Every structure is written in structure tokens, then in C-alpha cells.
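J.: Sequential numbering from 421 applies to the sequence shown in our numbering.
Using N, Cα and C, we set each Cβ at its ideal position, and we do this for glycine too.
Since the model is a prediction, treat every value here as computed from it, not as a measurement.
Quick one: structure below, then a few questions.
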Amino acid sequence: LVAIGLLAADLAGPRRVQALTLTVLNPLVLLHVVSGAHLDGVMCALLLGSVVAANQRRWALGLVLAAAAGSIKAPGFAAVLAIAAVHLQGYRGRLAWRIGTRDAAVAAASIVAMSLVVKDGWGWIHALNTPALGHTALAPASLVADLFAPIVTSASFDDLAAGGRIAALLAAACIVLYLTATARRRALDRTVGYGLLAIGLLSPVVYPWYLLGGVICLAPTARGVRRDWLVFLSVVGCLLTPPGFTSGIATAVTITAIVLSLWIMARQLLARRRPLEVIPAVESTVSAGGR
Numbered sequence: 421l422v423a424i425g426l427l428a429a430d431l432a433g434p435r436r437v438q439a440l441t442l443t444v445l446n447p448l449v450l451l452h453v454v455s456g457a458h459l460d461g462v463m464c465a466l467l468l469g470s471v472v473a474a475n476q477r478r479w480a481l482g483l484v485l486a487a488a489a490g491s492i493k494a495p496g497f498a499a500v501l502a503i504a505a506v507h508l509q510g511y512r513g514r515l516a517w518r519i520g521t522r523d524a525a526v527a528a529a530s531i532v533a534m535s536l537v538v539k540d541g542w543g544w545i546h547a548l549n550t551p552a553l554g555h556t557a558l559a560p561a562s563l564v565a566d567l568f569a570p571i572v573t574s575a576s577f578d579d580l581a582a583g584g585r586i587a588a589l590l591a592a593a594c595i596v597l598y599l600t601a602t603a604r605r606r607a608l609d610r611t612v613g614y615g616l617l618a619i620g621l622l623s624p625v626v627y628p629w630y631l632l633g634g635v636i637c638l639a640p641t642a643r644g645v646r647r648d649w650l651v652f653l654s655v656v657g658c659l660l661t662p663p664g665f666t667s668g669i670a671t672a673v674t675i676t677a678i679v680l681s682l683w684i685m686a687r688q689l690l691a692r693r694r695p696l697e698v699i700p701a702v703e704s705t706v707s708a709g710g711r
């Protein structure tokens, strides 16, 4: 948690208070990094470190830290692709191939070395199938499976679930590839954060700690509407599939939280637009009074 706070403050620049509020004081982080002790917290610290290093043009260190993040939780490997893509900006021809090959070698060597040194270091490979062992009713993969049900009436629940999960994972892969290909259009922390959010939300199951990577990477530099959406995700994440309830009640609590949060978000977005609509009217009144 301390590492997340220090790195978030480094990324935020002069807006360090906001960065600390949205990361180390975020209820989603306190619930699932401090209380729940999920390893996603360590992954997030390494991801922030990789972004900070890459922003300082310390590419090798950034790739090593991103590879370490992915070796804890596989979605962290999205940062390896993003950093490599940003490093290649402005290079063409043989030099681009040389840099790309070197970055791939650094990332691959880091993954192999860390997986060999750490006990059960290849555990991240076995954990790839873990999300497929559960079921959350409101996950996009589950909702897509429900859409398939009236179309393929003879399909079993397992077949429908597999179809929904394949569709969702393909969508996540396409989003990550698009973000990687267009990494030069946005800041590195946004490329990594959006990619992790896509993977977390389009996973076969969606648990609150799956949102941590995207939220923590985006939070330090979030402004305006993006900051509002991060607060929305953090609030909904705290009430996503709450433990201690039956599946029906937990789903009802989550739906209620989403509806209320969306209502508040709509009011917030309208409030942000009103000043822009009032300014021209005020200017015209002032100019008329001057004449």
C-alpha cells in the first residue's frame, strides 16, 4: 500500500492529494488489498513502478517490473505490450526490429528467471483457468451466455457459459490489441489502465479485486469525467457480489448499487455541463449591457 501511494504520487505530479485519495484511501483498495490481502495489490504496485520507469525512459526496468506484475497475475502482462509499443514510437525499419527484439528478450528472460527462482513460480499459468471455475451472474460473459439461450435452445448451461466466455475473452483481447496498437495516442498509464479494466470486466467471472489493476493505474492522473467514472467503479466494486448473502440477494444488492451509482453519475455529468451552457448567455448579457 505504501509503494502504491508513493508511485501514484510520483505519477500525479502536483495533484498528489487526489492521487493518494483515489488509491491508498480508496475503499476498494482498503477492502481487497489491506483487508482481503489479495496479491493484486502487489501486482498493482509493480505496474505503477513499470509505468513510472517507462515514463523516465528506463525501458528495461519498466519491462522487468511489468513482467514481474504479470508473473503474479497474468493480466499484468498487458503492461509489457504497452511499454514495448511506446518504446517503438518514432523508430522504423531495422532499428525498430532491433529494439523490439531486445524488449521481447528482456521481458521473456525476466519471466523465465523469476518463474524459476520463486517456488511454484509457474503458478500463474495454472491460475489462468481459475476464473472459469466460478460463476457471477452479472459478469458480461454470463450476460452474453444468457443472450445465447433463446437462440440455441438445445444447448446446455455449460455450452452457453463457454460461448459467453469465449466471446467476452475475444472482446478483451481485441481491446488490448487496439490499445497497444494506438498507444502513441494516449499516456502510458491510460493504455495500461484501460487494458486491465477490459480484462477484468470481460473475464469469465468478475470479482471486485479484478478491477484493482485498472483503477489504480488510471487514478493518479484522472481528471474530470474520468475521475468520476473511477469513483463510480470503486463504489460499485465495493458492493460487487458481496459475501455473506445468497446468490440472489447478492445480485440484487449489486444491481441496486449499479442503478443508484449510475443515477448519481448522470446528475454529476449534467452538473458539469450546466456551466458550459450558462457562460454564453452571461457573456451576451454583459456585452449587451456594455453597449
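1) Tell me which residue opens and which closes the alpha helix (DSSP H) that residue 545 is part of.
2) Taking one C-beta from the region 537-550 and one from the region 562-580 each time, how about it: are there three or more such pairs within less than 8 Å?
3) Can you list, in chain order, the residues of its chain whose CB lies under 7 Å from that of residue 474, leaving out five sequence neighbours each side?
4) So what does DSSP say about residue 458, is it helix, strand or coil?
5) Is the region 597-605 close to the region 464-479, with three or more CB pairs under 8 Å?
6) Using 8 Å as the cut-off, can you tell me whether the region 421-429 makes contact with the region 624-631, which would need three or more C-beta pairs spanning the two stretches below that distance?
7) Ignore the nearest five residues each way along the sequence and tell me which others in residue 613's own chain have a CB closer than 7 Å to its CB.
8) What are the start and end residues of the alpha helix (DSSP H) that includes residue 560?
9) Please report how far the alpha carbon of residue 539 lies from the alpha carbon of residue 593, in whole angstroms.
10) For residue 630, count the other beta carbons within 10 Å of its own beta carbon; 16 or more makes it buried, fewer makes it exposed. Which is it?
11) Name the two residues that bound the continuous alpha helix (DSSP H) containing residue 535.
12) Spatial neighbours of residue 552 within its chain, please: CB distance less than 6 Å, with the 5 preceding and 5 following residues excluded, ordered by chain position.
13) Buried or exposed for residue 492, please, with buried defined as at least 16 other CB atoms from any protein chain shown within 10 angstroms of its CB.
14) Quick one, which of 445, 432, 615 and 452 has its alpha-carbon nearest residue 660's?
15) Start and end of the alpha helix (DSSP H) containing residue 636?
16) Report the residue from 516, 497 and 554 whose alpha carbon sits nearest the alpha carbon of residue 528.
17) Are the Cβ atoms of residue 499 and residue 486 separated by less than 8 Å?
18) From residue 588 to residue 560, what distance separates their C-alpha atoms?
19) Compute the Euclidean distance between the alpha carbons of residue 450 and residue 577, then round it to the nearest angstrom.
20) Less than 8 Å between the CB atoms is what I'm expecting for residue 673 and residue 662, so what's the real figure, rounded?
21) Quick check on this structure: which residue in 579, 644 and 666 has the alpha carbon closest to the alpha carbon of residue 691?
22) Could you pull out every residue in the same chain whose Cβ sits closer than 8 Å to the Cβ of residue 524, ignoring the five residues on either side in sequence?
23) According to DSSP, is residue 730 helix, strand or coil?
24) Could you spell out the range, first to last residue, of the alpha helix (DSSP H) harbouring residue 577?
25) Residue 698 by DSSP, collapsed to three states: which one?
T.: This is what the structure holds:
1) As a position in the sequence shown, residue 545 is number 125, starting the count at 1. Residues 543-546.
2) no
3) Here residue 474 refers to the residue found at position 54 when the sequence shown is read from its first residue. Around residue 474: 482, 503, 506 and 608.
4) For this step, residue 458 is matched to residue 38 along the sequence shown. Residue state, collapsed to three classes: coil.
5) no
6) no
7) Along the sequence shown, one-based indexing puts residue 613 at 193. Hits under 7 Å: 634, 637 and 638.
8) Along the sequence shown, read from residue 1 onward, the residue named residue 560 stands at position 140. Residues 560-568.
9) For the purposes of this step, residue 539 is taken as residue 119 along the sequence shown, with counting starting at 1. For the purposes of this step, residue 593 is taken as residue 173 along the sequence shown, with counting starting at 1. Spanning the two alpha carbons is a distance of roughly 30 Å.
10) The count along the sequence shown starts at 1 and reaches residue 630 at position 210. Residue 630 should be labelled buried.
11) For this step, residue 535 is matched to residue 115 along the sequence shown. Segment 513-537, the alpha helix (DSSP H) holding residue 535.
12) The residue labelled residue 552 in the question sits at position 132 within the sequence shown. These residues qualify, in order along the chain: 624.
13) Against the sequence shown, residue 492 aligns to sequence position 72. Buried, because 16 or more other Cβ atoms sit within 10 Å of the Cβ of residue 492.
14) Taking the sequence shown and counting its residues from 1, one reaches residue 660 at position 240. The shortest Cα separation from residue 660 among 445, 432, 615 and 452 belongs to 452.
15) Locating residue 636 in the sequence shown gives position 216, where the first residue counts as 1. Note, residue 636: alpha helix (DSSP H), 632-638.
16) What you label residue 528 is simply residue 108 of the sequence shown in a count that begins at 1. The shortest Cα separation from residue 528 among 516, 497 and 554 belongs to 497.
17) Working through the sequence shown from its first residue, we reach residue 499 at position 79. Working through the sequence shown from its first residue, we reach residue 486 at position 66. In this structure, residue 486 lies closer than 8 Å to residue 499 by Cβ.
18) The sequence position of residue 588 within the sequence shown is 168, counting from 1. The sequence position of residue 560 within the sequence shown is 140, counting from 1. Cα to Cα, the separation comes out at about 7 Å.
19) Your numbering for residue 450 matches position 30 in the sequence shown. Your numbering for residue 577 matches position 157 in the sequence shown. Taking the straight line joining both Cα atoms gives about 36 Å.
20) Counting from one through the sequence shown, the residue named residue 673 turns up at place 253. Counting from one through the sequence shown, the residue named residue 662 turns up at place 242. At roughly 6 Å, the Cβ-Cβ gap stays under 8 Å, so residue 673 and residue 662 are in contact.
21) Indexing the sequence shown from 1 puts residue 691 at position 271. When only C-alpha atoms are compared, the closest one is 644.
22) Position 104 of the sequence shown, counted from the first residue, corresponds to residue 524. Excluding sequence neighbours, residue 524 sits near 504.
23) With the chain covering 421 to 711 only, the question about residue 730 has no answer from this structure.
24) Mapped onto the sequence shown, residue 577 falls at position 157. Segment 577-601, the alpha helix (DSSP H) holding residue 577.
25) On the sequence shown, residue 698 is found 278 positions in, with the first residue counted as 1. In this prediction, residue 698 scores a pLDDT of 49, lower than 50, which makes its location untrustworthy; no coordinate-derived value is stated.
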